[in-house]
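Student: For the record, the sequence lines run as chains G and P.
Going by the numbering used here, 603 is the number at position 341 of the first sequence; the sequence numbering is gapless.
Going by the numbering used here, 1220 is the number at position 199 of the second sequence; the sequence numbering is gapless.
Where is the CB? At the ideal position from N, CA and C, for every residue including glycine.
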Amino acid sequence: MLLIALLACPLMAAALAAPRSLGRGAVERAGAALSGAAFLVSLVIAARVAGGGVVSIGPEEFLRADSLSAVLALIVTGTGFVALGFEAAAGAAAPDEEGGAPFRRYHALAELFLFTMLLAVTVNNVGVMWVAVEATTIITAFLVGLRRSRAALEASWKYILIGSVGIALAFLGTVLAYFNFVQRVGATPFALHWTVLSRVAGALDPDVTRLAFVFLLVGYGTKAGLAPMHTWLPDAHSEAPAPISAMMSGCLLPVALYAILRFKVVVDACVGAAFTDRMLILIAVLSVLVAALLLVRQANYKRMLAYSSVEHMGLMCLGSGLGPLGVTASLLHAVTHAAGKSMAFLLSGAVRERYGTSRIGSVRGLLRAMPWTGALFAASVLALLGLPPSGVFVSEMMLVRAGFRAGRPWITAAVLVLLVGIFIAVLGHLNRMLYGEPPEPLRAREHPRRLLPLVLNVAVLVVLGFGVPGPLMRLLGRAAEIVAP
Amino acid sequence: MTLASSLVLLSGIAVLWRHSLAAYIRAFARQSFLFVVAIVLIAAQTGDARLYVVAALVLLMKVVLIPNILQRVQRHVGADLEIHPYVNTPASLVITGALTLLSYAVASPVTALGSLPTRGGIPLALATVFVGLFILVSRKSALSQIIGFLILENGIALLAVLATSGVPLIVELGVFLDVLLGVLVMQVFVYRIRETFETLDVDRLKELRH
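(1) Could you give the first and the last residue of the continuous alpha helix (DSSP H) run that contains residue 383 of chain G?
(2) Taking the straight line between their C-alpha atoms, what separation do you get for residue 1078 of chain P and residue 1120 of chain P?
(3) If we define contact as Cβ-Cβ less than 7 Å, is residue 359 of chain G a contact residue for chain P?
(4) For residue 1069 of chain P, which residues of its own chain have a beta-carbon under 7 Å away from its beta-carbon, when the five flanking residues on both sides are left out?
(5) Roughly how many angstroms separate the alpha carbons of residue 316 of chain G and residue 745 of chain G, rounded to a whole number?
(6) Could you tell me the boundaries of the beta strand (DSSP E) in which residue 318 of chain G lies?
(7) Is it right to say residue 360 of chain G is buried, meaning 16 or more other beta carbons lie within 10 angstroms of its own, or is it exposed?
(8) Taking the alpha-carbon positions, what's the residue 579 of chain G to residue 417 of chain G distance?
(9) Between residue 625 of chain G and chain A, is the shortest Cβ-Cβ distance under 7 Å, so that the two count as touching?
(10) Are the C-beta of residue 1082 of chain P and some C-beta of chain G separated by less than 7 Å?
(11) Please identify the residue among G:678, G:525 and G:476 whose C-alpha is closest to the C-alpha of residue 648 of chain G.
(12) Pick from G:448, G:281 and G:540: whose alpha carbon is nearest that of residue 1137 of chain P?
(13) Are three or more beta carbon pairs between the stretch 527–545 of chain G and the stretch 631–638 of chain G nearer than 8 Å?
(14) What does a CB cutoff of less than 6 Å around residue 1166 of chain P pick up in its chain, not counting 5 residues either side in sequence?
(15) Report the residues of the stretch 403–434 of chain G with a CB closer than 9 Å to any CB of chain P, ordered along the chain.
(16) Is the separation between the beta-carbon of residue 1146 of chain P and that of residue 1114 of chain P shorter than 7 Å?
(17) How is the alpha helix (DSSP H) around residue 302 of chain G delimited, first residue to last?
(18) Below 7 Å between beta carbons: does that hold for residue 664 of chain G and residue 591 of chain G?
(19) With H, G and I counted as helix, E and B as strand and the rest as coil, what does DSSP make of residue 1026 of chain P?
(20) Determine the direct distance from the alpha carbon of residue 646 of chain G to that of residue 354 of chain G, and round the result to whole angstroms.
(21) Skipping 5 residues on each side, what residues in its chain have a beta carbon closer than 7 Å to that of residue 1181 of chain P?
(22) Exposed or buried, which one is residue 1205 of chain P when buried takes at least 16 other CB atoms within 10 Å?
(23) Note down the Cα distance separating residue 1210 of chain P from residue 1203 of chain P, rounded to an integer number of angstroms.
(24) Start and end of the beta strand (DSSP E) containing residue 325 of chain G?
(25) For residue 603 of chain G, report the span of its alpha helix (DSSP H) as first-last.
(26) Closest Cβ-Cβ distance between residue 1174 of chain P and chain G: below 7 Å?
(27) Alpha carbons only, please: which of G:390, G:445 and G:309 is nearest the one belonging to residue 1134 of chain P?
(28) Spell out whether any CB of chain G is found under 7 Å from the CB atom of residue 969 of chain P.
(29) Could you check which residue in P:1160, P:1124 and P:1159 has the C-alpha nearest to that of residue 1144 of chain P?
(30) Quick one: Cα of residue 426 of chain G to Cα of residue 593 of chain G, how far?
(31) Say yes only if the C-beta of residue 523 of chain G is nearer than 6 Å to one or more non-hydrogen atoms of the ligand GTP, and no if none qualify.
(32) Using a Cβ cut-off of 8 Å, pull out every chain P residue sitting near residue 442 of chain G, in sequence order please.
(33) Could you check the C-alpha separation between residue 1083 of chain P and residue 1073 of chain P for me, to the nearest Å?
(34) Please report how far the alpha carbon of residue 432 of chain G lies from the alpha carbon of residue 632 of chain G, in whole angstroms.
(35) Considering only C-alpha positions, which residue in the set G:371, G:573 and G:628 is nearest to residue 400 of chain G?
(36) With 8 Å as the C-beta to C-beta threshold (strictly closer), list the residues of the stretch 1184–1201 of chain P near chain G in chain order.
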């Protein structure tokens, strides 16, 4: 019942966008309220499964949430709540400014986007999970192209093409896993259920399993924005309206990583963890490296945030390959990154509205022009850089500890050096934006009331900055046990 | 069955030596039709009624519906030629040869594990996937890129049918829905690209760098 309620919230909100009798304000408030409700439901689910239990419904646990799903559901609904709440508080946010695209369609698509992500993390069948992740590509391609400028069009074309191909390769991997199962265990209607697959993983053929994982890693890795398949990400994330960028960076990327982790469980049970760990670490280091190189000379602050997502996905991917402590750190990092990045993207939308450009060079005196927005934007970027005391610092330190404990000191040290490089580069960009004389005349005034929903992000970042509360740590620990027993 | 798979692969390769987008679309429709024939043959051998449903769906979607959509787009935007691909015809054919050999190497553990009589076609299906990918990266028109994606998709679907007589129906239906929606969305973007850039040449899409 909990799971049905969770999935029903965004669907209801999407349906509410249809009737013309409801005004725009009402649709936005209903959307924010329903995503708040979804967040509460996922909190209840998290409390239920933190002890190691499972919430499920349907034949052979069709919908199923364990602690790993619960962590992701919290991230998705939390980010969705803040993004939609931000928009409702803004009153007249993204779509009008973004070229007057029809608001109702925009809102319905944003809600469906949330629904598909929640379905992906709560469905037991890995085939249906694939369908849900693929659906996110189709939905978000429209949302990215909303602004109809040449750049937005280019971004969405690249996005839908690269995204579709990537996800098609993930399907090839899924087919190979199914084939493997049918050959070794026999055909059953539930062969694609993750619970069934992981139970019989030991009986699978190791070579085919490895081959399947390569396709799955490349496929879902494309959606997760991992290098070298990240090329669509900076375009799509910088051209989308701010609330959509917030959701794409904060939750869609970790959802794709979640899909990889689910398969990692199956593959590890068959061929041992060393194989998947090595591949994850390789791709992780490459992602952080690429992000560092492109962050140094970045001239556009939305693209700066997008490349920072590549960096942070790299870190999560690294943690996933470093044993139980690493996976715990990686999931904690997914939480702190979602809080920091969605806040930064939402604020960047307000900055763009005010200055009318996303060029770093054209934004001057942000702290004087928009004291609240500027200060919060600076705080979120500094938090994302891992400056203590912020949650990101705590999760990154845990990651480093996991790296040394897993016997990978050199790789960990190399990544740390890259992080320092990123820190210096981004701090320079941020400084140029914050200080100096604001150019006149500026559009639109600052509305501090709009910023209210960000209280949740700030709370998460600050509280986690002083240590992870017991219940959350238990939940993360349980989830890590699933991925790396 | 190996013969049928070879024909599917060949009709994919056919795209590489043609220059007209209309021929690309016809090649895709022909490939999909051969794919339907392959499914029906397997269905007749195994007596699996579910496969007839899948065959009917593929026939409706990939032989009739999607080629029609693409033809309409192509007539509407009027651009007919893929004039300067990144890789010329002879080099393309050599590369496809190499890709086919590669897929035999990659697919060897899969073929070894297979027990169905259809397993001989598995490397050919994988080669179709690679050829689709190659068309996608080596051709410049937005429309040929869609064709490349669809050929890649056909390869994966063929692999699923050859190796396991198809994935469970619920997944199959979801995949059909996603492909159809994907093509519809891509079609919308092709119109918009044509409107905004006055060409389908994606080489012109280069505002976003770094």
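Tutor: In this structure, then:
(1) Residue mapping note: residue 383 of chain G aligns to position 121 of the first sequence, counting from 1. Start and end: 365–384.
(2) Position 57 of the second sequence, counted from the start, is the residue given in the question as residue 1078 of chain P. Position 99 of the second sequence, counted from the start, is the residue given in the question as residue 1120 of chain P. Looking at the two C-alpha atoms, the distance is approximately 30 Å.
(3) Taking the first residue of the first sequence as position 1, residue 359 of chain G is located at position 97. A caution first: residue 359 of chain G carries a pLDDT of 42, below 50, which makes its placement in the model too unreliable to give a value.
(4) As a first step, residue 1069 of chain P must be located in the second sequence, where it is residue number 48. Taken in chain order, the residues that qualify are 1186.
(5) Counting from 1 along the first sequence, the entry for residue 316 of chain G is found at position 54. Counting from 1 along the first sequence, the entry for residue 745 of chain G is found at position 483. Each residue's Cα considered, the two are about 15 Å apart.
(6) Sequence index remark: in the first sequence, residue 318 of chain G carries index 56 (1-based). From DSSP, the beta strand (DSSP E) with residue 318 of chain G extends over 317–319.
(7) As a first step, residue 360 of chain G must be located in the first sequence, where it is residue number 98. Only weak support is given to the placement of residue 360 of chain G: the predicted model assigns it a pLDDT of 39, under 50, and the value that follows is read from those uncertain coordinates. Buried, because 16 or more other Cβ atoms sit within 10 Å of the Cβ of residue 360 of chain G.
(8) Taking the first sequence and counting its residues from 1, the one referred to as residue 579 of chain G is at position 317. Taking the first sequence and counting its residues from 1, the one referred to as residue 417 of chain G is at position 155. Near 25 Å, if we compare the C-alpha coordinates of residue 417 of chain G and residue 579 of chain G.
(9) Reference to chain A is not applicable here, since the protein chains of this structure are G and P.
(10) Within the second sequence, the letter at position 61 stands for residue 1082 of chain P. It does not: the Cβ of residue 1082 of chain P has no partner Cβ on chain G nearer than 7 Å.
(11) Here residue 648 of chain G refers to the residue found at position 386 of the first sequence. Among G:678, G:525 and G:476, the Cα nearest to that of residue 648 of chain G belongs to G:678.
(12) Residue 1137 of chain P sits at position 116 when you count from the first residue of the second sequence. Among G:448, G:281 and G:540, the Cα nearest to that of residue 1137 of chain P is on G:448.
(13) Of all C-beta pairs linking the stretch 527–545 of chain G to the stretch 631–638 of chain G, fewer than three are shorter than 8 Å, placing the two stretches out of contact.
(14) Looking up residue 1166 of chain P in the second sequence gives position 145. Excluding sequence neighbours, residue 1166 of chain P sits near 1157.
(15) Of all residues in the stretch 403–434 of chain G, 403, 404, 407, 410, 411, 412, 413, 415, 416, 417, 418, 419, 420, 422, 423, 426, 427, 429, 430, 431, 433 and 434 have a Cβ within less than 9 Å of some Cβ in chain P.
(16) Translated into the one-based positions of the second sequence, residue 1146 of chain P becomes position 125. Translated into the one-based positions of the second sequence, residue 1114 of chain P becomes position 93. Between residue 1146 of chain P and residue 1114 of chain P, the C-beta spacing is not below 7 Å.
(17) Residue mapping note: residue 302 of chain G aligns to position 40 of the first sequence, counting from 1. Counting along the chain, residue 302 of chain G sits inside the alpha helix (DSSP H) bounded by residues 286–311.
(18) As a first step, residue 664 of chain G must be located in the first sequence, where it is residue number 402. As a first step, residue 591 of chain G must be located in the first sequence, where it is residue number 329. Closer than 7 Å, so yes.
(19) The residue you call residue 1026 of chain P lines up with position 5 of the second sequence. Note: residue 1026 of chain P maps to helix in three-state DSSP.
(20) To locate residue 354 of chain G, count along the first sequence from 1; it is residue 92. To locate residue 646 of chain G, count along the first sequence from 1; it is residue 384. For residue 354 of chain G, the predicted model reports a pLDDT of 48, less than 50, meaning its position is unreliable and no value from the coordinates is stated.
(21) Indexing the second sequence from 1 puts residue 1181 of chain P at position 160. Once the five neighbours on either side are set aside, the close Cβ partners of residue 1181 of chain P are 1187 and 1188.
(22) Translated into the one-based positions of the second sequence, residue 1205 of chain P becomes position 184. By the neighbour-count rule (16 or more Cβ atoms within 10 Å), residue 1205 of chain P is not buried but exposed.
(23) Sequence index remark: in the second sequence, residue 1210 of chain P carries index 189 (1-based). Sequence index remark: in the second sequence, residue 1203 of chain P carries index 182 (1-based). The straight-line gap from Cα to Cα measures roughly 11 Å.
(24) Mapped onto the first sequence, residue 325 of chain G falls at position 63. For residue 325 of chain G, the uninterrupted beta strand (DSSP E) segment begins and ends at 325–327.
(25) Looking up residue 603 of chain G in the first sequence gives position 341. Segment 585–617, the alpha helix (DSSP H) holding residue 603 of chain G.
(26) Your numbering for residue 1174 of chain P matches position 153 in the second sequence. So, interface residue.
(27) As a position in the second sequence, residue 1134 of chain P is number 113, starting the count at 1. The shortest C-alpha separation from residue 1134 of chain P is found at G:445.
(28) A query on residue 969 of chain P cannot be resolved here, the shown segment of chain P reaching from 1022 to 1231 and no further.
(29) Position 123 of the second sequence, counting from 1, holds the residue named residue 1144 of chain P. Considering only alpha carbons, the answer is P:1124.
(30) Position 164 of the first sequence, counted from the first residue, corresponds to residue 426 of chain G. Position 331 of the first sequence, counted from the first residue, corresponds to residue 593 of chain G. Using only the alpha carbons, I get a separation of about 26 Å.
(31) With respect to small molecules bound, the structure shown includes none, and the ligand GTP cannot be examined in it.
(32) Working through the first sequence from its first residue, we reach residue 442 of chain G at position 180. Correct list: 1134.
(33) Counting from one through the second sequence, the residue named residue 1083 of chain P turns up at place 62. Counting from one through the second sequence, the residue named residue 1073 of chain P turns up at place 52. Between residue 1083 of chain P and residue 1073 of chain P, the C-alpha separation is close to 15 Å.
(34) On the first sequence, position 170 is the one that residue 432 of chain G refers to. On the first sequence, position 370 is the one that residue 632 of chain G refers to. In a straight line, the C-alpha of residue 432 of chain G is about 44 Å away from that of residue 632 of chain G.
(35) For the purposes of this step, residue 400 of chain G is taken as residue 138 along the first sequence, with counting starting at 1. For residue 400 of chain G, the nearest C-alpha among the options comes from G:371.
(36) 1184, 1185, 1188, 1189, 1191, 1192, 1195, 1196, 1198 and 1199
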